[in-house]
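Participant:
See below:
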C-alpha cells in the first residue's frame with residue numbers, strides 16, 4: 007500500500023514546533039502508516055530533535071508504523087551529532103499489517 | 006632527595022621570596038631603581054640555577070619573565086598594577102614548578118599546562134619581536150589527549166534549564182563548541198525526562214546529556230565553554246583517572262602555605278571558582294550543624310572523594326611541617342656571634358677567678374652577673390623573630406585582595422622591630438592576614454565611592470605593633486585599622502535578627518553589637534567572595550587569638566573606619582618566657 011508522505015516544512019526549530027507539533031503528534035497517534043518526509047528540512051535545532059523523538063515515541067505506543075524518509079543533510083548531521091541514529095531507522099512497530 | 010636538587014629548591018625559594026617582596030616594593034615605588042635591580046637579579050639567578058640543573062621549564066619561564074623585566078628596566082614598560090599582577094603570578098608559578106622539582110614522584114607533570122597557558126596569555130602583551138616568536142602559541146595546551154577508552158576521557162553531565170531553547174541558547178551550540186577543546190569521544194542523549202503530550206511542551210528543553218570528552222584541556226577551560234549558559238545549566242565535570250592522578254601529584258607539590266581546602270583544590274585545578282562558590286552557597290543554606298566543605302564538594306560531584314582526602318592529608322602534613330619548621334630556627338650569624346662572644350667573656354673571667362687565690366669581690370660578682378644577663382638575653386633572642394618579618398606576607402595579601410576587588414589600598418606597618426616568639430609569628434600572621442582581607446572586603450569602599458564622600462581614592466590600612474607593659478600585665482598589641490566605611494550597625498542588627506541571634510525588639514548600642522561579628526558563620530555579605538565569606542569568619546581569628554591567651558576587640562566609627570585590636574600576653578600560659586620585649590628592655594620571665 008502506498009502511503010502519501012507527509013512533508014515536514016523547512017524550519018524544524020523552536021520557533022515553529024508549537025504549530026507543527028499537534029499535527030505530527032496526531033498523525034503519529036492515528037495508528038495508520040505514517041511516512042514523514044524530511045527532505046525539505048533546512049534548519050533543525052534541539053527543539054526539532056525533541057519533536058521527532060516525541061513523534062517516534064507516540065507512534066510506537068499507538069502501534070503506528072512510522073518512517074522518517076529522506077532526511078536532509080542537516081537532519082542527518084544533527085541526529086548523528088546527538089548520537090541518536092536509531093531515531094531515523096525505520097524500525098517497524100510490532101503491528102500486523 | 007638529591008642534594009643538588011635540595012640546594013636548588015632552597016636557593017630558589019629564597020630568591021622567590023626576594024622577587025616577591027621586591028615586586029611589591031616596585032609597585033609602591035615604580036621609579037625605584039634598587040627594587041627593579043633586585044627583581045631583575047632574583048629572576049636572573051633563578052634562571053641561572055635552572056640552567057645548571059637542566060630544569061628546562063623553570064629556565065624557560067624565568068627567561069620569559071626576565072625578558073619582560075628587561076623591557077621594564079629599559080623604560081619600554083611601566084611597572085603598573087597590571088604588570089605587577091602578571092609578574093606576581095609568574096612568581097607563584099615558578100614557586101609551584103620549583104616545588105615540583107623537589108618532589109620525588111616519578112611521574113610529576115613536566116609543567117602545569119593550565120597555569121602555563123594562562124600565564125603565556127597574560128605575558129604576551131608585554132613582549133615584543135623575537136621574544137614573542139619564541140613563545141608557544143597561547144591556547145596550545147588544549148588538544149585531544151588521544152584517549153583510547155572512556156576511562157581516559159572527561160565525563161560531562163549536563164542538564165539545561167527548560168527555557169534555554171526559547172532564550173536562544175540551544176544546548177547544541179555549546180556541545181558543538183566542545184570540539185574546540187578536543188574530540189567528543191561519545192555523547193549520550195538522555196530522553197528519560199521527555200514527557201508525553203499533553204505535558205510535553207515543544208518549546209522547552211527536556212534532554213540531558215552525558216559527554217565523554219577526549220581533551221588535554223583543564224577543568225576551567227571546559228567549564229568556560231558553558232560560561233554563557235552557566236546559570237541555566239547544571240554541569241558536573243568528572244576528570245579521567247589520569248587527571249585525578251595529576252591532581253594528587255600537584256597536591257603533594259603545593260607549597261607549605263596555610264591554605265583552605267577550597268583554595269588548594271583550585272590551585273591544583275580540581276575545582277573551579279564557580280564550583281567553590283556553589284559549594285559555599287550550599288554550605289551557607291544549610292541550617293543546623295555545617296557540613297564540611299569537602300564533603301559538600303564530593304556530594305555535588307565537583308571533586309572526586311580521593312582528591313578531597315588527599316587535600317585534607319596534605320593540610321595535616323603542612324601543619325606538621327610548620328610545627329617542624331617552627332622548631333628549627335634560622336639564626337643570624339650576628340646573633341650567634343653575640344652569644345659566643347658573651348660566653349667567651351664569661352669563661353675567661355671565671356677561669357681567671359679560679360686561677361687566682363684572692364676572694365671574689367662584690368664588683369667582680371656584679372660584672373659577672375652583668376655578663377651572664379647579656380648572654381641570657383642573646384640566647385633568648387635566638388628564639389625570637391622580628392615582627393617586621395611578616396611584612397612581605399602582609400603587603401602581598403593587601404595588594405592581591407585590593408587588586409581583585411577593584412579597590413586601592415596602602416598598607417602601613419609600624420613596630421617592625423618588636424620581637425616575638427617564632428611559634429607565635431605564623432599564627433599571628435594568619436590572624437592579621439585575615440583581618441586585613443576582611444578590612445579590604447568589608448571596610449574599604451570602592452575608589453569612586455570614597456571620592457564621593459571626600460576621601461582619597463586610596464584607602465589606608467595600618468598594622469601597628471607595640472608593647473604595653475603596665476599595671477594590667479605585659480602585653481603585645483597589634484592593631485589593624487582601616488579608613489573605610491566602618492561597621493554598618495543597622496546591617497549587623499538585621500543579620501543578627503535574621504539569624505536568630507538577637508530579638509527583633511532589642512535596639513542595643515553599637516558596642517554591644519560588635520561581639521556578634523565574632524559569632525561562627527556570621528556574615529553581612531549575601532554572596533561569598535574569594536576573600537571573605539569562605540565559611541571562615543572572624544570567629545576563627547578570635548579563637549586563634551584566644552588560644553594564644555589573648556583577646557580580640559573591635560571598635561568602629563561610621564564613615565571613618567574600623568579598628569581591630571589583638572592583645573597577646575607577653576608571657577604565655579605555659580610559664581616559659583615565650584615572648585620578650587625588644588632589645589633594650591629587660592626580658593620578661
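Chains as they are written, first to last, in our numbering: chain A, 7 to 103; chain B, 6 to 594.
Each residue gets a CB set at the ideal place from its N, CA and C atoms; glycine is no exception.
Compute the distance between the beta-carbons of residue 132 of chain B and residue 91 of chain B, then report whether it is under 7 Å.
Facilitator: Here residue 132 of chain B refers to the residue found at position 127 when the second chain is read from its first residue. Here residue 91 of chain B refers to the residue found at position 86 when the second chain is read from its first residue. Result no, Cβ atoms of residue 132 of chain B and residue 91 of chain B do not sit closer than 7 Å.
Participant: Compute the Euclidean distance between the alpha carbons of residue 98 of chain B and residue 384 of chain B, then round it to the nearest angstrom.
Facilitator: Along the second chain, read from residue 1 onward, the residue named residue 98 of chain B stands at position 93. Along the second chain, read from residue 1 onward, the residue named residue 384 of chain B stands at position 379. Their backbone Cα atoms lie some 39 Å apart in a straight line.
Participant: In the DSSP assignment, find the unbroken beta strand (DSSP E) run with residue 464 of chain B in it and report its ends.
Facilitator: The residue you call residue 464 of chain B lines up with position 459 of the second chain. Looking at the DSSP string, the run of the beta strand (DSSP E) that includes residue 464 of chain B is 464-475.
Participant: Just the chain A side, please: which residues come within less than 8 Å of residue 191 of chain B by C-beta, in chain order?
Facilitator: Start at 1 with the first residue of the second chain, and residue 191 of chain B comes out as number 186. Within 8 Å Cβ-Cβ: 89.
Participant: By the three-class DSSP mapping on this structure, what secondary structure does residue 95 of chain B have?
Facilitator: Start at 1 with the first residue of the second chain, and residue 95 of chain B comes out as number 90. DSSP places residue 95 of chain B in helix when its eight states are reduced to three.
Participant: Going by CA-CA distance only, name the one from B:361, B:413, B:284 and B:30 that's closest to residue 84 of chain B.
Facilitator: Within the second chain, numbered from 1, the residue matching residue 84 of chain B stands at position 79. Closest option to residue 84 of chain B, Cα to Cα, is B:30.
Participant: In the stretch 50-63 of chain A, which residues sit with their C-beta less than 7 Å from some C-beta in chain B, listed in chain order?
Facilitator: Hits within the stretch, in order: 51, 52, 53, 56, 57, 59 and 60.
Participant: With burial defined as no fewer than 16 other Cβ atoms inside 10 Å of the residue's Cβ, what is the status of residue 563 of chain B: buried or exposed?
Facilitator: The count along the second chain starts at 1 and reaches residue 563 of chain B at position 558. Exposed, since its Cβ has fewer than 16 Cβ neighbours within 10 Å.
Participant: Could you please give the first and the last residue of the uninterrupted alpha helix (DSSP H) stretch that includes residue 162 of chain B?
Facilitator: By one-based count along the second chain, residue 162 of chain B stands at place 157. Premise fails: residue 162 of chain B lies in the beta strand (DSSP E), 159-165, not in any alpha helix (DSSP H).
Participant: Looking only at DSSP bridge pairs, what is residue 486 of chain B linked to?
Facilitator: Taking the first residue of the second chain as 1, we reach residue 486 of chain B at position 481. According to DSSP, which records beta bridges pairwise, residue 486 of chain B is partnered with B:467 and B:568.
Participant: Mind listing the chain A neighbours of residue 171 of chain B? Cutoff is C-beta to C-beta under 8 Å, in chain order.
Facilitator: Locating residue 171 of chain B in the second chain gives position 166, where the first residue counts as 1. Going along chain A in sequence order, the residues near residue 171 of chain B (Cβ under 8 Å) are 20.
Participant: What does residue 210 of chain B touch in chain A if you count any residue whose Cβ is under 7 Å from its own?
Facilitator: In the second chain, the residue the question calls residue 210 of chain B occupies position 205. Here the neighbours are 52.
Participant: Taking 7 Å as the CB-CB cut-off, is residue 194 of chain B touching chain A?
Facilitator: Position 189 of the second chain, counting from 1, holds the residue named residue 194 of chain B. Closer than 7 Å: yes.
Participant: With three or more beta-carbon pairs closer than 8 Å as the criterion, would you say the stretch 218-226 of chain B touches the stretch 71-84 of chain A?
Facilitator: With the cut-off at 8 Å, the stretch 218-226 of chain B and the stretch 71-84 of chain A do not touch.
Participant: Quick check: the stretch 14-34 of chain A against the stretch 54-64 of chain A, are there 3 or more CB pairs under 8 Å?
Facilitator: Touching, yes.
Participant: Counting only Cβ pairs nearer than 9 Å, list the residues of chain A close to residue 563 of chain B.
Facilitator: The residue you call residue 563 of chain B lines up with position 558 of the second chain. Within chain A, no residue comes near residue 563 of chain B; the closest Cβ sits about 53 Å away, beyond 9 Å.
Participant: According to a CB-to-CB cut-off of less than 7 Å, which residues of the stretch 156-180 of chain B neighbour chain A?
Facilitator: Within the stretch 156-180 of chain B, the residues whose Cβ lies closer than 7 Å to some Cβ of chain A are 170, 171, 175, 176 and 177, listed in chain order.
Participant: Is the Cβ of residue 520 of chain B closer than 7 Å to any Cβ of chain A?
Facilitator: Here residue 520 of chain B refers to the residue found at position 515 when the second chain is read from its first residue. Not an interface residue.
Participant: Just to confirm my understanding: we take residue 13 of chain B, look at its own chain, exclude 5 residues before and 5 after, and list those with CB closer than 7 Å. What are they?
Facilitator: Taking the first residue of the second chain as 1, we reach residue 13 of chain B at position 8. If we look at residue 13 of chain B and ignore the five residues flanking it on each side, its Cβ neighbours are 54, 58 and 106.
Participant: Would you verify that the beta carbon of residue 29 of chain A is, or is not, closer than 7 Å to some beta carbon of chain B?
Facilitator: Against the first chain, residue 29 of chain A aligns to sequence position 23. Judged by the 7 Å Cβ criterion, residue 29 of chain A is not in contact with chain B.
Participant: Quickly, what does DSSP pair residue 364 of chain B with across the bridge? List them, please.
Facilitator: Locating residue 364 of chain B in the second chain gives position 359, counting from the first residue. Paired residues: none, contrary to the question.
Participant: Just to confirm my understanding: we take residue 87 of chain A, look at its own chain, exclude 5 residues before and 5 after, and list those with CB closer than 8 Å. What are they?
Facilitator: As a first step, residue 87 of chain A is located in the first chain; it is residue number 81 there, counting from the start. Answer for residue 87 of chain A: no residue qualifies.
Participant: Give me the DSSP bridge partner(s) of residue 105 of chain A.
Facilitator: Any property of residue 105 of chain A remains undetermined from this structure, which presents chain A solely from 7 to 103.
Participant: Taking only three categories from DSSP, how would you classify residue 48 of chain A?
Facilitator: Counted from its first residue, the first chain places residue 48 of chain A at position 42. Looking at residue 48 of chain A - three-state DSSP - the assignment turns out to be coil, as it is neither helix nor strand.
Participant: Between the Cα of residue 522 of chain B and those of B:545, B:508, B:512 and B:511, spot the shortest distance and give me the residue it belongs to.
Facilitator: In the second chain, counting from the first residue as 1, residue 522 of chain B sits at position 517. Of the candidates B:545, B:508, B:512 and B:511, the one whose C-alpha sits nearest the C-alpha of residue 522 of chain B is B:545.
Participant: Cα-Cα, which of A:33, A:89 and A:90 is closest to residue 71 of chain A?
Facilitator: By 1-based counting over the first chain, the position of residue 71 of chain A is 65. Residue 71 of chain A has its Cα closest to that of A:33, out of A:33, A:89 and A:90.
Participant: Since residue 23 of chain A meets chain B, which of its residues come closer than 7 Å, beta carbon to beta carbon?
Facilitator: Taking the first chain and counting its residues from 1, one reaches residue 23 of chain A at position 17. Ordered by position in chain B, the residues that pass the 7 Å Cβ test against residue 23 of chain A are 207 and 208.
Participant: Measure the C-alpha to C-alpha separation of residue 566 of chain B and residue 499 of chain B and round it to an integer number of angstroms.
Facilitator: For the purposes of this step, residue 566 of chain B is identified with residue 561 of the second chain, where counting begins at 1. For the purposes of this step, residue 499 of chain B is identified with residue 494 of the second chain, where counting begins at 1. Taking the straight line joining both Cα atoms gives about 20 Å.
Participant: Measuring alpha carbon to alpha carbon, tell me which residue in B:74, B:300, B:457 and B:192 is nearest residue 216 of chain B.
Facilitator: One-based indexing of the second chain puts residue 216 of chain B at position 211. The shortest C-alpha separation from residue 216 of chain B is found at B:192.
Participant: Can you find at least 3 beta carbon pairs, one from the stretch 356-366 of chain B and one from the stretch 283-300 of chain B, that sit closer than 8 Å?
Facilitator: These segments do not touch.
Participant: Could you work out which residue in B:242, B:275 and B:320 is closest to residue 261 of chain B when comparing CA atoms only?
Facilitator: Taking the second chain and counting its residues from 1, the one referred to as residue 261 of chain B is at position 256. Closest by alpha carbon: B:320.
Participant: Which one or two residues does DSSP pair with residue 189 of chain B in a beta bridge?
Facilitator: Position 184 of the second chain, counted from the start, is the residue given in the question as residue 189 of chain B. B:218, per the DSSP bridge assignment.
Participant: Can you list, in chain order, the residues of the stretch 415-439 of chain B whose Cβ is nearer than 8 Å to any Cβ on chain A?
Facilitator: If the cut-off is 8 Å between Cβ atoms, the stretch 415-439 of chain B has nothing near chain A.
Participant: Tell me, please, whether the CB atom of residue 183 of chain B is closer than 7 Å to any CB atom in chain A?
Facilitator: Against the second chain, residue 183 of chain B aligns to sequence position 178. It does not: the Cβ of residue 183 of chain B has no partner Cβ on chain A nearer than 7 Å.
Participant: Compute the Euclidean distance between the alpha carbons of residue 271 of chain B and residue 401 of chain B, then round it to the nearest angstrom.
Facilitator: Locating residue 271 of chain B in the second chain gives position 266, where the first residue counts as 1. Locating residue 401 of chain B in the second chain gives position 396, where the first residue counts as 1. Going from the Cα of residue 271 of chain B to the Cα of residue 401 of chain B covers about 19 Å.
Participant: Our contact map puts residue 276 of chain B next to residue 302 of chain B with C-beta atoms below 8 Å; I'd like the distance itself, whole angstroms only.
Facilitator: Looking up residue 276 of chain B in the second chain gives position 271. Looking up residue 302 of chain B in the second chain gives position 297. Indeed, because the Cβ distance is near 7 Å, the residues count as touching under 8 Å.
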